[in-house]
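Asks: Residue numbers for the sequence shown follow this note's numbering, so the first one is 30 and each next one is one higher. For every residue, glycine included, the Cβ atom is placed at its ideal position computed from N, Cα and C. Input: one structure, supplied below.
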Amino acid sequence: MKPILYGALAAYVVAAIHAILAFVTKRRSVERVAVLALGCGFIAHTGALVADWIEDGHYPLLHLHETISFLGWTLVIAYALSVYYYRAQQALGIFLLPLVAGLVFLSNLVRGNSDLLLSGRVTEGETAWLFPIHTTLLLFAYAAFFVAFAASVMYLLQERELKLKTFSPIFHRLPPLNTVDDIGSTAAGIGFTLLSLGIITGVIWSSSRNGRMWHNDPIEIFAVLTWVVYLALIHYRAQWRGRKAAWIGVLGFALVACTLVGALLMGGYHVFG
């Protein structure tokens, strides 16, 4: 791991710890430390990605460790945007910031044994420029789905306590149900749009490379299933607001998780080695 990435990881760990402490104590000073550490980590992380791009001579998404690291980077952006629009930094921070730190740490663990993401050369051909667009769109979509999942979990926790009329300290630290529902709805809509564009660019890119639009690949199958689930969630949003929408969000996230690990466990066209 490059020293700059060590710095990013250290800053993310500090941010995650202070995000949890801020959620528990509700102290603004602790929250400010989390924000400052996250900003420093993001700057260092961005520098590490750019350095890898320059050093390796390719977009930093061809290897497994690059993909994991880039996903953590997109999560920081998704978190920052959610905080900016909804002021839910404490609640979202306990879900997303430990995950960011974990992804950066995991990217280091697999770095030495990380083979190419795809067999064959992906930088050849007239539509080679579509590959970075395709992968970037998908990873930002997955980051949005992570936010939607966090919102779904928060909604289900609050809804359960309201139903039982037993209110734990956690209940009073979470955003109102309407806010949580809006976060989940917005994140799911953004994720669905990005996923749709990612699938379209992937189909065009794949077809131009080998004449095939579909490979019966686990990642492709789970990506399409995820697309269908979120399409249903968005289409029936008016009827499915609240608890039902939250459970659909959890289901969609489960499919996202299957998509992300599909190449590792099942092989196929999208292969990490």
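Does the Cβ of residue 81 have 16 or more other Cβ atoms within 10 Å, making it buried, or fewer, making it exposed?
Replies: Here residue 81 is taken as the residue at index 52 of the sequence shown, counted from 1. Under this definition residue 81 is a buried residue.
Asks: Assuming residue 97 and residue 125 are in contact, meaning their beta carbons sit under 8 Å apart, how far apart are those beta carbons, in whole angstroms?
Replies: One-based indexing of the sequence shown puts residue 97 at position 68. One-based indexing of the sequence shown puts residue 125 at position 96. Contact doesn't hold; Cβ gap of about 15 Å is too wide.
Asks: Leaving out five residues before and five after residue 234 in sequence, what residues of the same chain have Cβ atoms less than 7 Å from its Cβ?
Replies: For the purposes of this step, residue 234 is taken as residue 205 along the sequence shown, with counting starting at 1. 156, 159, 160, 163.
Asks: Tell me which residue opens and which closes the alpha helix (DSSP H) that residue 127 is part of.
Replies: The residue given as residue 127 occupies position 98 in the sequence shown. Its alpha helix (DSSP H) spans residues 118-138.
Asks: Applying the 10 Å Cβ sphere with the 16-neighbour rule, what's the burial state of residue 249?
Replies: Counting from one through the sequence shown, the residue named residue 249 turns up at place 220. So residue 249 ends up on the buried side.
Asks: Can you tell me whether DSSP reads residue 87 as helix, strand or coil?
Replies: Here residue 87 refers to the residue found at position 58 when the sequence shown is read from its first residue. Reduced to three states, the DSSP call for residue 87 is coil.
Asks: Taking the continuous alpha helix (DSSP H) assigned at residue 264, which residues delimit it?
Replies: Position 235 of the sequence shown, counted from the first residue, corresponds to residue 264. That run of the alpha helix (DSSP H) goes 247-264.
Asks: The alpha helix (DSSP H) with residue 189 in it runs from where to where?
Replies: Residue 189 sits at position 160 when you count from the first residue of the sequence shown. 159-193 is the span of the alpha helix (DSSP H), which, as asked, contains residue 189.
Asks: Can you give me the C-alpha to C-alpha distance between residue 227 and residue 170, rounded to a whole angstrom?
Replies: Position 198 of the sequence shown holds residue 227. Position 141 of the sequence shown holds residue 170. One C-alpha to the other measures close to 8 Å.
Asks: Throw me the rounded Cβ distance for the residue 221 and residue 260 pair, which I believe falls under 8 Å.
Replies: Your numbering for residue 221 matches position 192 in the sequence shown. Your numbering for residue 260 matches position 231 in the sequence shown. Yes, residue 221 and residue 260 are in contact; Cβ-Cβ is about 7 Å, under 8 Å.
Asks: Buried or exposed: where does residue 48 fall if 16 or more other Cβ atoms within 10 Å of its Cβ makes it buried?
Replies: Along the sequence shown, read from residue 1 onward, the residue named residue 48 stands at position 19. Residue 48 comes out buried.
Asks: Have a look at 130, 117, 224 and flag the residue whose alpha-carbon is nearest the alpha-carbon of residue 55.
Replies: In the sequence shown, the residue the question calls residue 55 occupies position 26. Here the closest residue by C-alpha is 117.
Asks: Can the beta-carbon of residue 173 be found less than 9 Å from the beta-carbon of residue 109?
Replies: For the purposes of this step, residue 173 is identified with residue 144 of the sequence shown, where counting begins at 1. For the purposes of this step, residue 109 is identified with residue 80 of the sequence shown, where counting begins at 1. No, they are not a contact pair.
Asks: Return the residue from the list 181, 139, 57 that minimises the CA-CA distance to residue 273.
Replies: For the purposes of this step, residue 273 is identified with residue 244 of the sequence shown, where counting begins at 1. Out of 181, 139, 57, 181 has the C-alpha closest to the C-alpha of residue 273.
Asks: Taking CB distances under 9 Å as the criterion, tell me whether residue 98 reaches chain B.
Replies: The structure shown contains no chain B, having only a single protein chain.
Asks: Specify, as a first and last residue, the run of the alpha helix (DSSP H) that residue 36 falls within.
Replies: Residue 36 sits at position 7 when you count from the first residue of the sequence shown. In the DSSP annotation of this structure, the continuous segment of the alpha helix (DSSP H) that includes residue 36 starts and ends at 32-54.
Asks: Buried or exposed for residue 236, please, with buried defined as at least 16 other CB atoms from any protein chain shown within 10 angstroms of its CB.
Replies: Looking up residue 236 in the sequence shown gives position 207. When all chains shown are included, residue 236 counts as exposed.
Asks: Are residue 289 and residue 258 close, meaning C-beta to C-beta below 9 Å?
Replies: For this step, residue 289 is matched to residue 260 along the sequence shown. For this step, residue 258 is matched to residue 229 along the sequence shown. No.
Asks: Are at least three pairs of beta-carbons, each pair with one atom in the region 186-196 and one in the region 83-90, less than 8 Å apart?
Replies: no
Asks: Which whole-angstrom value describes the C-beta separation of residue 52 and residue 107, a residue pair presumed to lie in contact below a C-beta threshold of 8 Å?
Replies: Working through the sequence shown from its first residue, we reach residue 52 at position 23. Working through the sequence shown from its first residue, we reach residue 107 at position 78. Not really, about 18 Å apart at Cβ, beyond 8 Å.
Asks: By Cβ distance, which residues of its chain are closer than 8 Å to residue 132, with the 5 residues on each side in sequence left out?
Replies: Start at 1 with the first residue of the sequence shown, and residue 132 comes out as number 103. Counting only Cβ-Cβ distances below 8 Å, and skipping sequence neighbours, we find 97, 98, 100, 101, 104.
Asks: If the criterion is Cβ atoms closer than 9 Å, does the pair residue 34 and residue 73 meet it?
Replies: Along the sequence shown, one-based indexing puts residue 34 at 5. Along the sequence shown, one-based indexing puts residue 73 at 44. Closer than 9 Å, so yes.
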